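First comes the structure, then the notes that go with it.
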Amino acid sequence: MTGRGEATTGTVRRRPSRHSAKEEARWTRTVLGRDGRPLDLLTARFDQHRYAPHTHDEFTIGVSVGGSELIGYRGGHIRTGPGSIVVLAPGEMHTGGPAACDGYAYRALYAEPSLLCEGAVGGLPHFREPLLDDPGLAAALRAAHTELSVCPDPLEAESRLPWLLAALTRRHSTARPDRDEVPGAARIADAVRDRLAGELQDPPSLASLATDLGLSRYQLLRAFRTTTGIPPYAWLAQHRVNRARRLLESGLRPAEVAGLVGFADQAHLTRWFRRVLGVTPAAYRASVLPFSSPSPSPSPSLDPFR
Numbered sequence: 001m002t003g004r005g006e007a008t009t010g011t012v013r014r015r016p017s018r019h020s021a022k023e024e025a026r027w028t029r030t031v032l033g034r035d036g037r038p039l040d041l042l043t044a045r046f047d048q049h050r051y052a053p054h055t056h057d058e059f060t061i062g063v064s065v066g067g068s069e070l071i072g073y074r075g076g077h078i079r080t081g082p083g084s085i086v087v088l089a090p091g092e093m094h095t096g097g098p099a100a101c102d103g104y105a106y107r108a109l110y111a112e113p114s115l116l117c118e119g120a121v122g123g124l125p126h127f128r129e130p131l132l133d134d135p136g137l138a139a140a141l142r143a144a145h146t147e148l149s150v151c152p153d154p155l156e157a158e159s160r161l162p163w164l165l166a167a168l169t170r171r172h173s174t175a176r177p178d179r180d181e182v183p184g185a186a187r188i189a190d191a192v193r194d195r196l197a198g199e200l201q202d203p204p205s206l207a208s209l210a211t212d213l214g215l216s217r218y219q220l221l222r223a224f225r226t227t228t229g230i231p232p233y234a235w236l237a238q239h240r241v242n243r244a245r246r247l248l249e250s251g252l253r254p255a256e257v258a259g260l261v262g263f264a265d266q267a268h269l270t271r272w273f274r275r276v277l278g279v280t281p282a283a284y285r286a287s288v289l290p291f292s293s294p295s296p297s298p299s300p301s302l303d304p305f306r
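Per the UniProt record's numbering: the sequence shown ends with 306, consecutive numbering throughout.
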């Protein structure tokens with residue numbers, strides 16, 4: 001569970017051998033908030049590939065999703081299985097390859113060390129055990145990795161990944177967890193909602209919001225989730241859906257509405273519209289318009305939110 005012993009950009013499929021070995025890797029980059037730092041994601045499925053000994057500048061956090069990998073690390077070997085989490089520290093030499101004939105598959109992310117310091121005190125965390133058994137966290141990491149690999153929305157990435165990495169550090173490292181209680185949580189959540197709603201098409205990063213409020217990003221996330229029960233990106237997506245409904249009711253088409261409310265494209269709008277309302281934007285529009293008529297082109301006068 002390594003990934004940078006061999007440079008990978010986009011999707012790489014090695015030529016199958018006569019035994020039809022499957023060797024696939026896909027590299028994706030997301031950004032943690034507007035103008036934030038990048039974070040790389042790797043999706044890999046190998047039957048035979050063996051990594052050369054190498055190190056990373058970042059923490060490597062991987063979730064095994066199939067087969068078994070044998071990782072050489074700290075003078076010994078780690079054998080992964082489906083659902084296991086592996087944490088490899090920056091600068092520590094390691095290798096990786098198949099542990100059995102059925103190969104291995106995993107999702108990995110490469111996090112700057114500072115990201116694993118959020119939500120804890122005592123400096124850079126140390127993981128005595130690189131192989132972790134935490135099914136709930138593994139499932140959450142896998143889900144976030146899968147969804148952000150398809151649609152790497154900056155606010156969604158910043159809402160999900162630092163929170164999950166903080167949970168990893170707090171549960172499994174030697175670092176001492178920071179306190180959970182954040183005074184004035186409701187006031188903080190209100191301020192975050194107001195800023196996100198006011199900058200709908202290009203929302204600020206959570207890091208910048210936290211700085212403005214005199215908080216760490218983890219404290220902001222903690223306060224928001226404690227108050228609302230959901231992370232900031234999910235609240236903003238629901239807020240965008242509510243605004244999209246009004247624009248669809250005015251006659252605009254889904255492709256026009258998506259950009260007006262801040263979704264990346266129509267597919268992004270559709271994904272969240274169905275999550276919140278259970279139907280597609282097109283189906284909703286067809287059901288609420290009294291009759292079919294040519295849709296006006298978008299202009300400032302047609303946007304009720306200007």
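Using N, Cα and C, we set each Cβ at its ideal position, and we do this for glycine too.
Keep in mind the model is a prediction, meaning the values are calculated, not measured.
Between the alpha carbons of Asp134 and Ala175 lies a gap of roughly 18 angstroms. For the 7 angstroms CB-CB criterion, Pro254 and Gln238 do not form a contact. Asp194 and Arg240 have their C-alpha atoms spaced approximately 13 angstroms apart. Proximity to Tyr233 across Glu199, Arg142, Leu252, Leu247 peaks at Glu199, based on C-alpha coordinates. The C-alpha of Glu69 lies about 47 angstroms from the C-alpha of Arg243.
Close CB contacts of Arg222 within its chain, under the 7 angstroms cut and outside five residues either way in sequence, are with Asp180, Val182 (chain order).
Segment contact: the region 48 to 56 against the region 91 to 98, three or more CB-CB distances shorter than 8 angstroms; contact assigned.
Look at Thr270 here: in three-state DSSP terms it is helix.
Assigned with DSSP and collapsed to three states, Ser84 falls in coil, not helix or strand. Between the region 200 to 210 and the region 124 to 131 there are fewer than three inter-stretch CB-CB distances shorter than 8 angstroms, so the stretches are not counted as touching.
Cβ neighbours of Leu220 within its own chain (closer than 7 angstroms, five residues either side excluded): Ile188, Val192, Leu206, Leu209, Ala210, Leu213. Between Leu39 and Tyr106, the beta carbon gap of about 17 angstroms keeps them out of contact (Cβ cut-off 8 angstroms). Its chain contains Thr280 as the residues whose beta carbon lies nearer than 7 angstroms to that of Arg274, once the 5 sequence neighbours on both sides are disregarded; these appear in chain order.
Setting aside the 5 residues that flank it on each side, Leu124 is surrounded in the same chain by Pro113, each with a C-beta closer than 6 angstroms to its C-beta; the list follows chain order.
The three-state reading of DSSP puts His56 in coil, since its state is none of H, G, I, E or B. For Gly97, the uninterrupted beta strand (DSSP E) run begins and ends at 94 to 98, by DSSP. Counted as a single uninterrupted DSSP element, the stretch harbouring Pro232 is not any beta strand (DSSP E) but the alpha helix (DSSP H) occupying residues 232 to 249.
By the 16-neighbour rule on beta-carbons within 10 angstroms, Val288 is exposed.
Residue state for Arg37 is assigned as coil, using DSSP reduced to three classes.
Under the three-state reduction of DSSP, Phe263 is assigned to coil, being neither helix nor strand. Cβ-Cβ distances below 7 angstroms link Ala144 to Arg160, Leu161, Leu164 in the same chain, with the five nearest sequence neighbours on each side left out; the list follows chain order. Annotation for Leu269: Ala244, Pro254, Val257, Ala258, Phe263, Pro281 place their beta carbon closer than 7 angstroms to its own, counting only its chain and skipping 5 residues before and after.
By DSSP's assignment, Thr28 forms a beta bridge with Leu41.
Nearest to Trp272 by C-alpha distance, out of Ser250, Trp235, Leu247, is Trp235.
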